[in-house]
Amino acid sequence: MRNRINRGVIAGRWEEAHLPGIERDEEKGEVHMVINGERIRQLAREQQEYAVRMRREFHRYPEVSGKEFRTRERLMAEIREMGLSCEKVPGTGLIVKIEGGKPGKNRVLRADIDALPLQEDRENLRREKSCISQIDGV
9 MRNRINRGVI
19 AGRWEEAHLP
29 GIERDEEKGE
39 VHMVINGERI
49 RQLAREQQEY
59 AVRMRREFHR
69 YPEVSGKEFR
79 TRERLMAEIR
89 EMGLSCEKVP
99 GTGLIVKIEG
109 GKPGKNRVLR
119 ADIDALPLQE
129 DRENLRREKS
139 CISQIDGV
């Protein structure tokens with residue numbers, strides 16, 4: 009099933025919808041889930057542990073610009089686990105296409121995945137860090 013995100017509403021086609029926040033457009037045969045601030049906070053809380061775990065993993069194995077091969081492979085594994093396809097581009101980049109169920113405008117998101125070449129200190133301002141690079145000088 010394909011979904012599209014448009015102005016805070018996720019739209020898709022389901023046979024039945026009986027969840028809170030779900031609205032059915034009988035005329036179009038579509039079901040919409042209204043995304044409000046509280047729902048966004050709830051979704052963020054549900055993903056917090058995963059996001060922290062991934063951030064810590066990437067910080068333990070940093071790679072400087074042009075050498076992010078491990079990072080790219082790890083990202084590709086996560087993206088595929090989410091049911092999306094991705095492809096490598098020359099160097100250490102990757103492209104992921106998320107297609108909606110209807111034609112429309114395209115959006116591009118870009119992110120850097122490289123580390124800075126610096127030596128991390130085990131101590132920060134309050135206590136010992138729980139996540140530190142395993143590679144000296146990066």
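Residue numbers (my numbering): 9 to 146. Just so it is clear, CB atoms sit at the ideal spot from N, CA and C, and this is done for glycine as well.
Identify, in the order they occur along the chain, each residue of the same chain with its Cβ nearer than 7 Å to the Cβ of residue i, setting aside the five sequence neighbours on each side.
i, result
"Phe-66", "Thr-79"
"Arg-115", "none"
Over the uninterrupted beta strand (DSSP E) stretch that includes residue i, give me the two end residues.
i, result
"Val-104", "102-104"
"Glu-95", "94-96"
Check the DSSP bridge columns for residue i and list the partner residues they point to.
i, result
"Glu-38", "Asp-33"
Taking buried to mean at least 16 other C-beta atoms within 10 Å of its own C-beta, is residue i buried or exposed?
i, result
"Ala-52", "exposed"
"Glu-81", "exposed"
"Glu-46", "exposed"
"Arg-49", "exposed"
"Glu-23", "For Glu-23, the predicted structure reports a pLDDT of 38, less than 50, and the residue's modelled location is therefore unreliable. A value from the coordinates is still provided. With fewer than 16 Cβ atoms within 10 Å of its Cβ, Glu-23 is classed as exposed."
"Glu-107", "exposed"
"Glu-76", "buried"
Can you give me the Cβ contacts of residue i inside the same chain, cut-off strictly under 6 Å, excluding the 5 residues immediately before and after it?
i, result
"Val-104", "Ile-87, Leu-92, Cys-94"
"Arg-118", "none"
The alpha helix (DSSP H) spanning residue i covers which residue range?
i, result
"Val-60", "45-68"
"Glu-81", "77-89"
Inset, instruction - Count the C-beta pairs between the stretch 68-75 and the stretch 117-127 that are closer than 8 Å, then say yes if the count reaches three, no if not. - result: They touch, by the three-pair rule.
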